[in-house]
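Using this note's numbering, you'd call the opening residue of the sequence shown number 38 and step up by one each time. For every residue, glycine included, the Cβ atom is placed at its ideal position computed from N, Cα and C. Since this is a predicted model, take the numbers as computed values, not measurements.
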Amino acid sequence: MEKYKSIGCSYYDQIEAYAVKRTVCEVLYNDGEEKRTSGLIVDVFAKDGAEYLRMENGTLIRLDHLVSINGEAVKYSC
């Protein structure tokens with residue numbers, strides 16, 4: 038597995054807020070190819086030294102593979 042690159046603190050907080058507020062999200066990510074999914078973020082968690090989000094449809098996305106959520110580009114600094 039490639040080394041995990043932490044996302045910015047405020048961006049992480051925004052992801053958690055989307056989950057808590059049950060905001061429908063349009064998520065663009067890249068796990069070797071660019072993909073898009075939409076729906077609710079139901080969980081944000083850490084496992085094996087990386088952070089992930091899980092969508093209501095079961096899609097699991099490593100946070101450093103995110104490109105944007107709801108049009109807001111991922112940020113990597115706190």
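Contacts around residue 94, its chain only, beta-carbon distance under 7 Å, and the 5 residues preceding and following it disregarded: The answer, listed in chain order, is 74 and 76.
Residue 44 beta carbon less than 8 Å from that of residue 113: Between residue 113 and residue 44, the C-beta gap is smaller than 8 Å, which places the two residues in contact.
Residue range of the beta strand (DSSP E) that includes residue 52: For residue 52, there is no enclosing beta strand (DSSP E); the enclosing alpha helix (DSSP H) has its first and last residue at 46–58.
Range covered by the beta strand (DSSP E) that runs through residue 76: Its beta strand (DSSP E) spans residues 71–84.
Alpha carbon of residue 65 to alpha carbon of residue 85, nearest angstrom: C-alpha separation (whole angstroms): 23 Å.
Closer than 7 Å: residue 60 CB and nearest the ligand ZN heavy atom: For the structure depicted, the ligand ZN is absent and the ligand set is empty, with no information on it obtainable.
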